[in-house]
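Taking it in order: structure first as structure tokens, then the write-up.
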Amino acid sequence: DMKVTQMPRYLIKRMGENVLLECGQDMSHETMYWYRQDPGLGLQLIYISYDVDSNSEGDIPKGYRVSRKKREHFSLILDSAKTNQTSVYFCASSLRNSGNTLYFGEGSRLIVV
Amino acid sequence: KTQVEQSPQSLVVRQGENCVLQCNYSVTPDNHLRWFKQDTGKGLVSLTVLVDQKDKTSNGRYSATLDKDAKHSTLHITATLLDDTATYICVVGDRGSALGRLHFGAGTQLIVIP
Numbered sequence: 001d002m003k004v005t006q007m008p009r010y011l012i013k014r015m016g017e018n019v020l021l022e023c024g025q026d027m028s029h030e031t032m033y034w035y036r037q038d039p040g041l042g043l044q045l046i047y048i049s050y051d052v053d054s055n056s057e058g059d060i061p062k063g064y065r066v067s068r069k070k071r072e073h074f075s076l077i078l079d080s081a082k083t084n085q086t087s088v089y090f091c092a093s094s095l096r097n098s099g100n101t102l103y104f105g106e107g108s109r110l111i112v113v
Numbered sequence: 114k115t116q117v118e119q120s121p122q123s124l125v126v127r128q129g130e131n132c133v134l135q136c137n138y139s140v141t142p143d144n145h146l147r148w149f150k151q152d153t154g155k156g157l158v159s160l161t162v163l164v165d166q167k168d169k170t171s172n173g174r175y176s177a178t179l180d181k182d183a184k185h186s187t188l189h190i191t192a193t194l195l196d197d198t199a200t201y202i203c204v205v206g207d208r209g210s211a212l213g214r215l216h217f218g219a220g221t222q223l224i225v226i227p
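Protein chains in written order, with this note's numbering: chain F, 1 to 113; chain A, 114 to 227.
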């Protein structure tokens with residue numbers, strides 16, 4: 001079953017709290033991504049991971065960090081969440097040599113108050 | 114500056130009607146263009162991918178065209194159904210591998226009414 005699973009799906013945090021968003025995939029894809037989606041904007045790339053412990057900043061990495069210790073698992077961490085990080089976060093995965101075929105999770109909606 | 118522009122921003126059609134969604138982009142190089150469907154509160158699901166200089170694809174009631182010279186793509190939905198209500202997102206990739214960058218449009222929100 002080809003699936004990208006995100007947890008939690010919904011989260012409310014207070015400003016300054018830490019946030020952990022988790023993503024798993026069962027396709028042995030080397031490459032995994034974290035995006036955020038805001039109204040009126042296209043998805044923006046936060047971080048990309050090419051494999052275990054091989055992570056690169058995307059277009060908007062400030063305020064975020066990631067962890068990839070197993071190929072099937074990719075975490076997004078917000079240390080001291082800010083209200084402008086309220087968004088829907090999407091995880092995706094792809095094969096290294098087929099980066100045009102992305103599989104997306106269903107999203108994690110984060111509200112920071 | 115936004116490199117992928119989609120129009121219209123939103124569209125309401127009656128069930129059974131046809132509709133056309135537009136995508137204009139300035140991404141260079143433009144290796145491929147993909148259309149995604151995003152149901153409310155869900156992830157993106159791929160509908161079709163276009164690769165050639167002038168390309169056409171068909172997937173059931175969805176058909177798409179790409180003209181790389183004009184940097185323009187269209188998504189046609191024939192005989193719309195209520196389940197077609199969703200946001201349709203155009204994505205342009207500058208390479209075929211994961212080393213490339215994907216450029217996302219903001220989407221067209223399609224609402225199909227009875």
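We treat Cβ as the ideally placed atom computed from N, Cα and C, and that holds for glycine.
Can you list, in chain order, the residues of its chain with a C-beta nearer than 6 Å to that of residue i? Leave out the 5 residues immediately preceding and following it.
i, result
"Ile111 (chain F)", "Ile12, Thr86"
"Thr178 (chain A)", "Lys169, Thr187"
"Thr31 (chain F)", "Tyr50, Ser94, Arg96"
"Leu215 (chain A)", "Val204, Gly206"
At the level of alpha carbons, what is the spacing between residue i and residue j?
i, j, result
"Gly42 (chain F)", "Glu22 (chain F)", "22 Å"
"Arg96 (chain F)", "Ser123 (chain A)", "34 Å"
"Leu163 (chain A)", "Ser171 (chain A)", "10 Å"
"Asn131 (chain A)", "Leu194 (chain A)", "10 Å"
"Gly129 (chain A)", "Asp196 (chain A)", "12 Å"
"Val133 (chain A)", "Ala192 (chain A)", "11 Å"
"Gln166 (chain A)", "Asp182 (chain A)", "7 Å"
"Tyr175 (chain A)", "Leu76 (chain F)", "35 Å"
"Gln151 (chain A)", "Gly16 (chain F)", "31 Å"
"Ile48 (chain F)", "Thr153 (chain A)", "25 Å"
"Arg36 (chain F)", "Ile226 (chain A)", "29 Å"
"His189 (chain A)", "Tyr103 (chain F)", "23 Å"
"Tyr201 (chain A)", "Arg14 (chain F)", "33 Å"
"Ala219 (chain A)", "Thr101 (chain F)", "19 Å"
"Gln6 (chain F)", "Val19 (chain F)", "14 Å"
"Asp38 (chain F)", "Ala211 (chain A)", "23 Å"
Could you check if residue i belongs to the surroundings of the ligand GTP, using beta carbon to heavy atom distance under 7 Å?
i, result
"Gln85 (chain F)", "As for the ligand GTP, it is missing from this structure, which has no ligand bound."
Within a Cβ cutoff of 7 Å, which residues of the same chain sit near residue i, ignoring the five residues on either side of it in sequence?
i, result
"Arg208 (chain A)", "Asn144"
"Leu160 (chain A)", "Trp148, Phe149, Lys150, Asn172, Tyr175"
The beta strand (DSSP E) with residue i in it runs from where to where?
i, result
"Thr221 (chain A)", "221-226"
"Val204 (chain A)", "199-206"
"Asp168 (chain A)", "167-172"
"Val19 (chain F)", "19-25"
"Val125 (chain A)", "123-127"
"Thr5 (chain F)", "4-7"
Once the 5 residues before and after residue i are set aside, which same chain residues still bring their CB inside 8 Å of it?
i, result
"Thr83 (chain F)", "Met15, Val112, Val113"
Identify every run of the beta strand (DSSP E) within the region 36-108 of chain F, keeping only runs that are complete inside it and at least 3 residues long; order them along the chain.
Within the region 36-108 of chain F, the complete beta strand (DSSP E) segments at least 3 residues long are 44-51, 54-57, 65-70, 73-78, 87-94, listed from N- to C-terminus.
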